[in-house]
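J.:
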Amino acid sequence: MKTYQTGEIRNIAIIGSSGSGKTTLAEAMLFEGGVIKRRGSVEAKNAVCDYSPVEQEYGYSVFATPFCVEWNNKKLNIIDCPGADDFVGGAVTALNVTEAAVILVNGQAGLDGGTMNAFRNTETYHKPAVFGINQLDRDKVDFESVIEQLREACGNKVVRVQYPIATGEGFNQVIDVLLMKRYTWKPEGGVPTIDDVPEDQMERALELRSELVEAAAECDDAMLEKFFEEGDLSEDEIRTGIRHGLLNRTMFPVFCVCAHKDMGVRRMMEFLGNVAPSPLEVKPLVNTEGVEVPYDAKAA
Numbered sequence: 002m003k004t005y006q007t008g009e010i011r012n013i014a015i016i017g018s019s020g021s022g023k024t025t026l027a028e029a030m031l032f033e034g035g036v037i038k039r040r041g042s043v044e045a046k047n048a049v050c051d052y053s054p055v056e057q058e059y060g061y062s063v064f065a066t067p068f069c070v071e072w073n074n075k076k077l078n079i080i081d082c083p084g085a086d087d088f089v090g091g092a093v094t095a096l097n098v099t100e101a102a103v104i105l106v107n108g109q110a111g112l113d114g115g116t117m118n119a120f121r122n123t124e125t126y127h128k129p130a131v132f133g134i135n136q137l138d139r140d141k142v143d144f145e146s147v148i149e150q151l152r153e154a155c156g157n158k159v160v161r162v163q164y165p166i167a168t169g170e171g172f173n174q175v176i177d178v179l180l181m182k183r184y185t186w187k188p189e190g191g192v193p194t195i196d197d198v199p200e201d202q203m204e205r206a207l208e209l210r211s212e213l214v215e216a217a218a219e220c221d222d223a224m225l226e227k228f229f230e231e232g233d234l235s236e237d238e239i240r241t242g243i244r245h246g247l248l249n250r251t252m253f254p255v256f257c258v259c260a261h262k263d264m265g266v267r268r269m270m271e272f273l274g275n276v277a278p279s280p281l282e283v284k285p286l287v288n289t290e291g292v293e294v295p296y297d298a299k300a301a
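Numbering of the sequence shown is given in my numbering, commencing with residue 2 and proceeding in unit increments.
(1) Given this structure, state the Cα-to-Cα distance separating E238 from I16, to the nearest angstrom.
(2) For a quick check, are the C-beta atoms of K187 and I195 less than 8 Å apart?
(3) So the beta strand (DSSP E) T168 belongs to, where does it begin and stop?
(4) Please check the pair L209 and R161, which I expect to be a contact at CB under 8 Å, by giving their CB distance rounded to whole angstroms.
(5) Between the alpha carbons of D177 and G115, how many angstroms are there, rounded?
(6) Exposed or buried, which one is K141 when buried takes at least 16 other CB atoms within 10 Å?
(7) Indicate the three-state DSSP secondary structure (helix, strand or coil) for T251 in the structure shown.
(8) Using only alpha-carbon positions, find the residue among A110, K158, T125 and C155 that is nearest to L137.
(9) Give me, in chain order, the residues of the same chain whose beta-carbon lies closer than 6 Å to that of N288; leave out the 5 immediate sequence neighbours on both sides.
(10) Can you give the Cα-Cα distance for D221 and N249, rounded to whole angstroms?
(11) Just the C-alpha distance for W72 and E9, rounded to the nearest angstrom, thanks.
(12) DSSP on V70, reduced to helix/strand/coil?
(13) Should the region 278-286 be regarded as contacting the region 149-166, the criterion being three or more beta carbon pairs within less than 8 Å?
(14) Can you tell me the Cα-Cα spacing of L151 and G265, whole angstroms?
(15) Excluding the 5 residues flanking T24 on each side, which residues of the same chain have their C-beta closer than 7 Å to its C-beta?
(16) So what's A322 in DSSP terms, helix, strand or just coil?
(17) How many angstroms separate the CA atom of N122 from the CA atom of L286?
(18) Consult DSSP for K3 and reduce its assignment to one of helix, strand or coil.
(19) Given S146, which residues of its chain have a CB within under 7 Å of its CB, disregarding the five upstream and five downstream residues?
(20) Can you tell me which of K76, G133, V89 and R244 puts its alpha carbon nearest to the alpha carbon of A218?
(21) Are A216 and G169 closer than 8 Å when you measure CB to CB?
(22) How about K128 and A92: are their beta carbons less than 8 Å apart?
(23) So the alpha helix (DSSP H) G91 belongs to, where does it begin and stop?
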């Protein structure tokens with residue numbers, strides 16, 4: 002592994018309720034990053050992050066487990082956190098040493114107590130948060146209902162970057178309204194086919210893109226002025242606005258994921274590498290004496 006500068010590092014916690022698929026997402030990230038050659042699973046008791054006998058016995062995470070992945074010239078240091086209430090301390094500890102969080106949501110269950118606790122913890126520690134709606138291939142998943150629940154609980158700061166064309170057994174396509182592209186996966190997942198938004202989805206995609214652009218513009222005064230004048234922003238400007246929104250917790254982007262089929266994972270990693278803050282971009286930590294301790298990029 003090469004030596005990365007501090008600005009090229011992203012420290013991220015994966016948090017959420019028990020059963021939302023956090024360890025499965027971690028496994029897919031490790032696979033996509035080339036760290037492992039074959040994806041394990043919680044059920045098969047061979048997932049990298051659920052390595053301890055007690056985790057394998059009970060089938061859920063007990064410890065916060067760190068791992069790292071190299072992706073697009075960035076180093077992603079990620080912590081897979083337990084979701085069970087009994088072990089919430091692992092998630093809280095992880096938030097203290099990371100600059101952003103992925104809050105994974107069970108698309109079938111929707112907003113639950115574990116998801117709200119995860120969100121409140123990011124609020125307490127003022128951490129940027131990205132929502133991942135997972136398990137979209139399950140029966141009776143209502144993506145729009147989950148979005149409504151999140152907005153009711155977290156406000157209109159919850160903004161869709163992606164939406165699924167279909168959910169349930171037929172889930173294998175999403176529309177990315179930031180890139181204005183359609184992602185299509187084979188049944189085994191992995192690398193998607195990427196093409197233009199189809200005509201029958203264009204109206205919906207443009208509607209949600211407008212919401213995203215407006216939300217991004219509101220995060221920066223100069224871009225807001227340009228948006229009012231021209232009615233649109235470039236892709237790079239939208240990313241800049243989202244970055245500002247993440248840092249200030251005025252925007253919570255939403256992505257679509259089916260972790261156990263490795264669908265949507267690559268795109269989420271790409272986004273985290275491009276948009277999530279590095280240690281140099283966040284407020285310094287405060288020690289037990291109330292003194293700020295800034296990151297030292299040249300520390301030995």
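Using N, Cα and C, we set each Cβ at its ideal position, and we do this for glycine too.
T.: In short:
(1) 29 Å
(2) no
(3) Here T168 belongs to no beta strand (DSSP E), and DSSP marks it neither H nor E.
(4) 5 Å
(5) Approximately 27 Å, taken between the alpha carbons.
(6) exposed
(7) coil
(8) A110
(9) Within the same chain, V294 come within 6 Å of N288 by CB-CB distance, once the 5 residues on both sides are set aside.
(10) 11 Å
(11) 10 Å
(12) Of the three classes helix, strand and coil, the one that applies to V70 here is strand, per DSSP.
(13) Not touching, per the Cβ criterion.
(14) 20 Å
(15) V43, A48, C50, D51, S62 and D81
(16) Absent from the model: residue 322. The displayed extent of the chain is 2 to 301, so no value can be given.
(17) 16 Å
(18) K3: coil per DSSP, three-state reduction.
(19) The residues are G111.
(20) R244
(21) No, Cβ-Cβ distance for A216 and G169 is not below 8 Å.
(22) Between K128 and A92, the gap from beta carbon to beta carbon reaches 8 Å or more.
(23) Segment V89 to N97, the alpha helix (DSSP H) holding G91.
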